[in-house]
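Student: Starting off with a structure, shown below.
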Amino acid sequence: MKVSVLQHAPETHLPTRPGDPTPTFRNLDPLMHPFSRARERTRALNAAKMERMFAKPFIDSLEGHIDAVEVLARLPDSLTTIASGSWDGGILVHNLSTREQIVKLPQAHKGKVSGLCFATNERLLSCGVDRNVKLWNVGGDVSDIPLNVFPGKYAFNSIDHHGSDPLFATASNLVQIWDETKSAPISDLTFPTSSETITAVRFNLSESSVLASIGSDRTFTLYDIRTGKAERRVIMQMQSNALAWSPTFPTTVLLASEDHNLYTFDVRHLTTPSHIYKAHVAAVMSCDWSPTGLEFVSGGWDRTVRIWKEGQGHTPEVYHTKRMQRVSSSIFSADARFVITGSDDGNVRIWKAKAHDKLGVITARERAAIEYRESLKQRWKMDAEVNKVTRTRHLPKAVYKAGKLKHTMLEAQRVKDERRRKHTRAGETNPKPERKKVVIAEQT
Amino acid sequence: MDSLIAKADAIAPLAQNRKGKQKSKEKEKKSDSTLQSVAKRTSVPRSLQNLPVPDNVPKHSHIANRKLRTLLHRQSEHNARSKTLLDDADMLLMDEAGKIEVEGEMERTWRTTQADITAAAGQEAARGRKEFKLDGGPYQCRYTRNGRHLAIVGRKGHVATFDWQTGTLHSELQLQETCRDITFLHDHSFYAVAQKKHVFIYDRDGVEIHKLKAHIEPTRLEFLPYHWLLASIGNAGYLKYQDTSTGELLVEHRTKLGACNAMTQNVHNAVIYLGHQNGCVTLWTPNLPHPAVQLLAHLGPVVDVSVDPSNGGRYMATAGRDGTVKVWDCRNWKGAVRDWTVRGTGVTELEWSARGFLATANGGQVNIYTPPTVHTTVNTRAPPALYITHPIPHRPLSSIRFAPFQDVLTIGHAAGLSSILVPGAGQPNYDSTEADPFENKKARREREVRGLLDKVKPDMITLDPEFVGSLAPPSKLTTETTFDGKPSVETPFARLPRLERLKVSGHADETEEMDEDDAADDGEDKAEKKRLKEKRKMRGRNKSLKRYLRRQRANVIDPRTVAIRAKLEKQQEEKRKARLAKEGEDDGAQQPSALDRFRRK
Numbered sequence: 000m001k002v003s004v005l006q007h008a009p010e011t012h013l014p015t016r017p018g019d020p021t022p023t024f025r026n027l028d029p030l031m032h033p034f035s036r037a038r039e040r041t042r043a044l045n046a047a048k049m050e051r052m053f054a055k056p057f058i059d060s061l062e063g064h065i066d067a068v069e070v071l072a073r074l075p076d077s078l079t080t081i082a083s084g085s086w087d088g089g090i091l092v093h094n095l096s097t098r099e100q101i102v103k104l105p106q107a108h109k110g111k112v113s114g115l116c117f118a119t120n121e122r123l124l125s126c127g128v129d130r131n132v133k134l135w136n137v138g139g140d141v142s143d144i145p146l147n148v149f150p151g152k153y154a155f156n157s158i159d160h161h162g163s164d165p166l167f168a169t170a171s172n173l174v175q176i177w178d179e180t181k182s183a184p185i186s187d188l189t190f191p192t193s194s195e196t197i198t199a200v201r202f203n204l205s206e207s208s209v210l211a212s213i214g215s216d217r218t219f220t221l222y223d224i225r226t227g228k229a230e231r232r233v234i235m236q237m238q239s240n241a242l243a244w245s246p247t248f249p250t251t252v253l254l255a256s257e258d259h260n261l262y263t264f265d266v267r268h269l270t271t272p273s274h275i276y277k278a279h280v281a282a283v284m285s286c287d288w289s290p291t292g293l294e295f296v297s298g299g300w301d302r303t304v305r306i307w308k309e310g311q312g313h314t315p316e317v318y319h320t321k322r323m324q325r326v327s328s329s330i331f332s333a334d335a336r337f338v339i340t341g342s343d344d345g346n347v348r349i350w351k352a353k354a355h356d357k358l359g360v361i362t363a364r365e366r367a368a369i370e371y372r373e374s375l376k377q378r379w380k381m382d383a384e385v386n387k388v389t390r391t392r393h394l395p396k397a398v399y400k401a402g403k404l405k406h407t408m409l410e411a412q413r414v415k416d417e418r419r420r421k422h423t424r425a426g427e428t429n430p431k432p433e434r435k436k437v438v439i440a441e442q443t
Numbered sequence: 000m001d002s003l004i005a006k007a008d009a010i011a012p013l014a015q016n017r018k019g020k021q022k023s024k025e026k027e028k029k030s031d032s033t034l035q036s037v038a039k040r041t042s043v044p045r046s047l048q049n050l051p052v053p054d055n056v057p058k059h060s061h062i063a064n065r066k067l068r069t070l071l072h073r074q075s076e077h078n079a080r081s082k083t084l085l086d087d088a089d090m091l092l093m094d095e096a097g098k099i100e101v102e103g104e105m106e107r108t109w110r111t112t113q114a115d116i117t118a119a120a121g122q123e124a125a126r127g128r129k130e131f132k133l134d135g136g137p138y139q140c141r142y143t144r145n146g147r148h149l150a151i152v153g154r155k156g157h158v159a160t161f162d163w164q165t166g167t168l169h170s171e172l173q174l175q176e177t178c179r180d181i182t183f184l185h186d187h188s189f190y191a192v193a194q195k196k197h198v199f200i201y202d203r204d205g206v207e208i209h210k211l212k213a214h215i216e217p218t219r220l221e222f223l224p225y226h227w228l229l230a231s232i233g234n235a236g237y238l239k240y241q242d243t244s245t246g247e248l249l250v251e252h253r254t255k256l257g258a259c260n261a262m263t264q265n266v267h268n269a270v271i272y273l274g275h276q277n278g279c280v281t282l283w284t285p286n287l288p289h290p291a292v293q294l295l296a297h298l299g300p301v302v303d304v305s306v307d308p309s310n311g312g313r314y315m316a317t318a319g320r321d322g323t324v325k326v327w328d329c330r331n332w333k334g335a336v337r338d339w340t341v342r343g344t345g346v347t348e349l350e351w352s353a354r355g356f357l358a359t360a361n362g363g364q365v366n367i368y369t370p371p372t373v374h375t376t377v378n379t380r381a382p383p384a385l386y387i388t389h390p391i392p393h394r395p396l397s398s399i400r401f402a403p404f405q406d407v408l409t410i411g412h413a414a415g416l417s418s419i420l421v422p423g424a425g426q427p428n429y430d431s432t433e434a435d436p437f438e439n440k441k442a443r444r445e446r447e448v449r450g451l452l453d454k455v456k457p458d459m460i461t462l463d464p465e466f467v468g469s470l471a472p473p474s475k476l477t478t479e480t481t482f483d484g485k486p487s488v489e490t491p492f493a494r495l496p497r498l499e500r501l502k503v504s505g506h507a508d509e510t511e512e513m514d515e516d517d518a519a520d521d522g523e524d525k526a527e528k529k530r531l532k533e534k535r536k537m538r539g540r541n542k543s544l545k546r547y548l549r550r551q552r553a554n555v556i557d558p559r560t561v562a563i564r565a566k567l568e569k570q571q572e573e574k575r576k577a578r579l580a581k582e583g584e585d586d587g588a589q590q591p592s593a594l595d596r597f598r599r600k
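Chains as they are written, first to last, in numbering that gives the first Met the number 0: chain P, 0 to 443; chain H, 0 to 600.
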């Protein structure tokens with residue numbers, strides 16, 4: 000008879016030398032791990048709660064403006080430098096890491112600064128309602144006197160610099176293309192039959208001779224500076240307040256609309272927006288893409304900042320503070336980790352793009368734990384309790400109530416439409432998809 | 000000799016060799032030496048390779064949402080792949096289970112004595128065979144989950160906890176009162192003792208930490224490690240759950256079945272099994288005020304219950320005062336799988352080991368049976384084939400416990416404790432994340448914190464532990480409606496008519512409807528009932544479809560109603576035609592007429 004009795008040899012199970020870690024063993028037999036699913040769910044729930052616990056998005060507020068901040072601009076090659084322009088006519092250039100003001104131009108324009116953008120060699124272009132475009136030097140020796148002044152005929156609303164050439168475009172009653180070396184515009188671009196005020200103009204980031212503008216006539220217009228004319232335009236239900244070209248998909252453009260929504264359009268098919276982003280409860284005043292092209296930020300008249308995932312049209316991340324007023328400008332930082340917003344209370348605020356992000360050095364173990372928590376949340380997002388924790392956001396009462404009211408009104412409208420449809424002849428009034436309602440007409 | 004060497008082609012001509020080498024070099028060049036040199040270090044581990052998907056993966060084709068469908072499909076593929084990879088992980092299991100092998104046909108394993116086994120076992124394993132001679136009545140014992148520490152309690156109040164492998168004594172108490180049971184809490188740093196009147200909790204050094212006044216006259220204790228619950232049952236028949244992490248008394252269930260002396264837990268679903276004086280076995284969860292399962296197991300009191308942990312708690316064994324042991328299949332409860340009568344008198348103690356060995360102790364004998372025969376159904380009431388038997392002269396045998404991850408069985412009896420070796424009983428490979436016999440102080444602390452963080456909510460204890468995350472609960476905000484046999488439509492709450500909304504939310508005043516439909520049930524008057532029924536009949540055949548149409552008779556032209564009406568008319572027309580045709584035929588066959596000759600043929 001052969002007898003063998005289980006014995007654990009101490010030399011394999013105990014550390015060989017004092018100070019060594021105790022060897023660990025795994026047995027993947029499911030019977031060895033009772034309640035593995037229930038425990039994993041508990042971990043996922045804890046991860047979701049931890050995310051909400053660590054959600055401290057607000058980093059700092061940069062003061063210095065006397066009046067509302069109207070525009071923000073990011074120096075293209077820098078992680079830290081941003082410029083802000085205000086209604087009082089002042090321009091400040093901030094360093095985000097030290098939170099200092101690099102340049103102070105308190106009297107840059109008379110009246111509000113309506114547009115800001117960086118030109119090459121750390122020079123800043125600004126335009127204002129005082130009908131001037133000014134070129135400033137903000138790197139090296141800084142002075143209060145502009146390098147150049149380009150006088151115009153109309154009050155300017157927006158300005159954008161060409162990607163590579165020394166050209167810039169301004170928006171007023173018409174879109175004008177300027178050369179940095181010439182004091183008069185080199186060409187005017189308008190859509191024939193248009194008599195509107197252009198509110199924003201932006202060069203495409205990869206096809207740099209293509210321009211897009213939005214106007215007070217509820218239009219979105221595409222121009223080409225090689226042909227020197229407007230190519231196409233669409234008229235929408237409501238006016239747009241801001242536009243931004245996607246940094247990764249050259250044909251995608253984002254519009255922040257007066258009707259509380261954001262729209263992305265593929266410029267090859269302007270008849271319908273490719274996506275609708277609904278959450279704001281008042282007009283969206285500004286928008287900007289993350290440099291990764293996967294997210295974008297929007298600031299609204301409802302005093303909230305929202306951070307959206309591209310392609311997910313609901314439940315964005317929402318930021319608000321007690322003292323922040325209407326958000327008139329918002330940009331992403333160049334490393335996609337921060338969001339900078341300027342609001343009516345005259346402050347420029349820095350936020351984390353991910354509310355629960357940990358700043359500072361993260362060890363490998365911590366990084367692994369964070370990634371594990373992320374994947375747990377992802378895996379258990381269907382669970383009602385986990386989902387509730389991740390989804391719920393505290394909103395200011397006014398915003399919450401406005402959202403409720405908006406929902407009620409839209410629901411009532413929908414019910415009314417449905418009833419009306421039911422009481423008319425079949426096929427006469429077919430329901431119209433939401434995306435088909437946005438654009439009224441496309442003109443070429 | 001030379002010819003032999005030539006045949007073996009040991010030394011080939013130099014020129015040929017060179018030629019061959021050149022050829023092989025050219026070949027190597029073709030096969031890309033860089034790639035080969037790199038491939039060794041860049042090969043992906045098997046778990047990360049894109050393995051072929053097994054065939055029986057569910058397709059989720061019934062789900063309309065494409066994104067969700069793709070996601071679910073990818074998940075199920077991943078699960079199937081990782082299941083196949085689990086088999087590879089078996090290679091990493093280091094230790095082998097013990098066993099007794101017979102060499103001849105006439106050899107019997109039960110003939111081996113403990114002396115034989117101890118002699119054959121290794122030095123380390125042989126230390127498991129021990130005899131503790133102690134005063135103070137029949138002893139109860141309990142191991143920690145990692146099998147390293149042992150707590151013993153004598154009837155007269157002698158309590159001791161110790162690391163039985165190194166022989167380090169943690170605490171020893173003389174409580175001077177009747178003690179009935181002992182259990183460790185989450186690890187060896189705390190233990191609970193069921194004393195004469197209450198349950199007391201002591202720490203590792205034997206300092207009394209808590210007196211649980213709510214647990215009165217306890218007889219048995221169980222600790223549910225993943226829920227941090229201490230369950231006790233007593234002479235009054237109340238099952239009480241105390242949360243040991245927060246200290247609150249979670250719930251107490253009145254069993255209504257009197258004093259209870261048999262209690263065990265199913266480690267896989269944390270359900271508490273109780274054996275009662277009237278022969279019932281009941282299964283309890285904290286969220287149900289009544290037993291989840293109640294079963295008449297024995298004629299006469301149940302003296303012990305045990306659940307087999309080796310196959311997910313599928314089998315349960317019960318012992319009765321009537322001297323029988325029964326093995327039950329917990330999936331269907333259709334009678335006992337196997338039952339037999341034990342020899343001797345008195346209380347039979349039962350315990351399953353981690354690998355499914357069933358130990359019974361009664362009279363002066365400990366018998367151990369092995370898995371396949373214990374679970375197989377036979378027609379006779381013969382006991383299963385005996386694996387090992389061991390006589391103990393000190394009656395009564397009051398408790399038996401297998402040591403986790405060891406081939407050791409500890410028996411508590413009147414004169415102390417004895418532990419015997421049972422080759423093959425213990426799970427050979429432990430998992431350090433769950434229970435590690437060799438863990439150090441730091442690992443123990445770490446595990447305690449992790450255990451607290453991963454504490455499962457007590458209301459998630461159910462008979463099926465895999466329900467978590469498996470089923471989407473039906474949404475409260477939709478109602479299922481069907482229109483004339485079409486597949487049911489889920490209408491969101493917001494789009495329901497007002498009355499339906501009220502019905503769903505439970506605020507609808509349904510008295511009126513009751514009058515119409517169910518008045519007959521309410522009213523005692525049968526005549527009235529009959530009259531109502533007749534009246535309803537008089538109206539004509541009342542089909543549900545017609546009722547639906549009658550409701551839709553408002554001045555609304557709904558395409559669906561129109562379609563239904565058309566369909567109904569068509570059906571009626573067809574029916575009428577069929578009836579006419581049938582009648583015509585019948586008439587023709589039954590009554591031949593003189594005018595038949597004029598009928599067109």
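We put the CB at the ideal spot given by N, CA and C, even for glycine.
All values reported here derive from a predicted model rather than from experimental measurement.
Can a CB atom of chain H be found closer than 8 angstroms to the CB of P/M0?
Tutor: Looking up residue 0 of chain P in the first sequence gives position 1. For P/M0, the answer is yes, since a Cβ of chain H falls inside 8 angstroms of its Cβ.
Student: Suppose you measure from the CA of H/K536 to the CA of P/S35; what does that come to, to the nearest Å?
Tutor: As a working note, residue 536 of chain H is residue 537 in the second sequence. As a working note, residue 35 of chain P is residue 36 in the first sequence. Residue confidence for H/K536 is low, a pLDDT of 49 falling below 50, so the modelled location carries little weight and cannot support an answer.
Student: Quick one: is H/D204 near chain P, going by C-beta distance under 8 angstroms?
Tutor: Residue mapping note: residue 204 of chain H aligns to position 205 of the second sequence, counting from 1. Taking Cβ atoms only, chain P never reaches closer than 8 angstroms to H/D204, which makes this a no.
Student: For my contact list, H/N286 and H/L462 are in at a C-beta cut-off of 8 angstroms; report their separation, rounded to the angstrom.
Tutor: Within the second sequence, the letter at position 287 stands for residue 286 of chain H. Within the second sequence, the letter at position 463 stands for residue 462 of chain H. Contact flag wrong, Cβ pair sits at about 11 angstroms.
Student: Among P/R419, P/V414, P/A278, P/R122, which has the Cα closest to the Cα of P/N147?
Tutor: The residue given as residue 147 of chain P occupies position 148 in the first sequence. The shortest Cα separation from P/N147 among P/R419, P/V414, P/A278, P/R122 belongs to P/R122.
Student: Less than 8 angstroms between the CB atoms is what I'm expecting for H/G278 and H/G319, so what's the real figure, rounded?
Tutor: As a first step, residue 278 of chain H is located in the second sequence; it is residue number 279 there, counting from the start. As a first step, residue 319 of chain H is located in the second sequence; it is residue number 320 there, counting from the start. Indeed they touch by this definition, with Cβ atoms about 7 angstroms apart.
Student: Answer with buried or exposed for H/G311, where buried requires no fewer than 16 other C-beta atoms within 10 angstroms of its C-beta.
Tutor: The residue labelled residue 311 of chain H in the question sits at position 312 within the second sequence. H/G311 should be labelled buried.
Student: Are at least three pairs of beta-carbons, each pair with one atom in the stretch 57 to 74 of chain P and one in the stretch 347 to 359 of chain P, less than 8 angstroms apart?
Tutor: Verdict: yes, contact present.
Student: Please report how far the alpha carbon of H/E568 lies from the alpha carbon of H/K545, in whole angstroms.
Tutor: Here the question's residue 568 of chain H lines up with position 569 in the second sequence. Here the question's residue 545 of chain H lines up with position 546 in the second sequence. Going from the Cα of H/E568 to the Cα of H/K545 covers about 11 angstroms.
Student: Take every Cβ of the stretch 379 to 389 of chain H, pair it with every Cβ of the stretch 429 to 439 of chain H, and state whether three or more of those distances are shorter than 8 angstroms.
Tutor: Flag = no, the stretch 379 to 389 of chain H and the stretch 429 to 439 of chain H do not touch.
Student: Assuming contact is defined by CB atoms lying nearer than 8 angstroms, are H/S398 and H/C140 in contact in what I supplied?
Tutor: Residue mapping note: residue 398 of chain H aligns to position 399 of the second sequence, counting from 1. Residue mapping note: residue 140 of chain H aligns to position 141 of the second sequence, counting from 1. Contact: yes.
Student: Please go through the same chain and pick out, in chain order, the residues whose beta-carbon is closer than 6 angstroms to the beta-carbon of H/M315, but skip the five residues on each side of it.
Tutor: The count along the second sequence starts at 1 and reaches residue 315 of chain H at position 316. Closer than 6 angstroms at Cβ, skipping near neighbours: V306, W327, C329.
Student: Within this structure, are the beta carbons of H/Y240 and H/L228 separated by less than 8 angstroms?
Tutor: To locate residue 240 of chain H, count along the second sequence from 1; it is residue 241. To locate residue 228 of chain H, count along the second sequence from 1; it is residue 229. Yes, these two residues count as a Cβ contact at 8 angstroms.
Student: How is H/K536 classed by DSSP in three states: helix, strand or coil?
Tutor: As a first step, residue 536 of chain H is located in the second sequence; it is residue number 537 there, counting from the start. At H/K536 the pLDDT is 49, less than 50, meaning the model places this residue with poor confidence and gives no usable figure here.
Student: Check whether the stretch 419 to 431 of chain H touches the stretch 346 to 356 of chain H, taking contact to mean three or more Cβ pairs, one atom from each stretch, closer than 8 angstroms.
Tutor: Counting Cβ pairs under 8 angstroms, three or more are found: they touch.
Student: From the DSSP output, which residues share a beta bridge with P/K1?
Tutor: For this step, residue 1 of chain P is matched to residue 2 along the first sequence. BP columns for P/K1 point to H/E100.
Student: If you measure beta-carbon to beta-carbon, which residues of the stretch 224 to 237 of chain H are closer than 8 angstroms to chain P?
Tutor: If the cut-off is 8 angstroms between Cβ atoms, the stretch 224 to 237 of chain H has Y225 near chain P.
Student: Listed from N- to C-terminal order along the chain, which residues in the stretch 38 to 65 of chain P have their beta-carbon within a distance smaller than 7 angstroms of any beta-carbon of chain H?
Tutor: Per Cβ criterion, the list reads R38, R40, T41, R42, N45.
Student: Can you pull the DSSP bridge partners for P/K351?
Tutor: The sequence position of residue 351 of chain P within the first sequence is 352, counting from 1. In the DSSP output, where bridge partners are listed per residue, P/K351 has P/F337.
Student: Would you mind telling me which residues of chain H sit closer than 7 angstroms to P/N26, beta carbon to beta carbon, in chain order?
Tutor: The residue labelled residue 26 of chain P in the question sits at position 27 within the first sequence. What P/N26 touches in chain H: L92, N428, Y429, D430.
Student: Please identify the residue among H/N361, H/D180, H/V206 whose C-alpha is closest to the C-alpha of H/S188.
Tutor: Counting from one through the second sequence, the residue named residue 188 of chain H turns up at place 189. Among H/N361, H/D180, H/V206, the Cα nearest to that of H/S188 belongs to H/V206.
Student: Tell me H/G319's beta-bridge partners as DSSP assigns them.
Tutor: Taking the first residue of the second sequence as position 1, residue 319 of chain H is located at position 320. Paired residues: H/V301.
Student: Under 8 angstroms between beta-carbons, which chain P residues line up against H/T83? List them in chain order, please.
Tutor: As a first step, residue 83 of chain H is located in the second sequence; it is residue number 84 there, counting from the start. Correct list: empty, because the minimum Cβ distance to chain P is about 12 angstroms.
Student: Applying the 10 Å Cβ sphere with the 16-neighbour rule, what's the burial state of P/S256?
Tutor: On the first sequence, position 257 is the one that residue 256 of chain P refers to. P/S256 is buried by the Cβ-count criterion.
Student: Could you tell me which of H/H297, H/V302, H/R126, H/E221 sits nearest to H/R360, measuring between CA atoms?
Tutor: By one-based count along the second sequence, residue 360 of chain H stands at place 361. Before going on, a small fix: residue 360 of chain H reads as Ala here, not Arg. Checked all of H/H297, H/V302, H/R126, H/E221; the closest Cα to H/A360 is H/V302.
Student: Write down the C-beta distance between H/V377 and H/R337 rounded to the nearest angstrom, noting that I regard them as a contact closer than 8 angstroms.
Tutor: Numbered from its first residue, the second sequence carries residue 377 of chain H at position 378. Numbered from its first residue, the second sequence carries residue 337 of chain H at position 338. Yes, they are in contact, since the Cβ atoms of H/V377 and H/R337 sit about 6 angstroms apart, within 8 angstroms.
Student: Give a yes or no on whether the minimum CB-CB distance between P/A367 and chain H is below 8 angstroms.
Tutor: Against the first sequence, residue 367 of chain P aligns to sequence position 368. So no, P/A367 is outside the interface.
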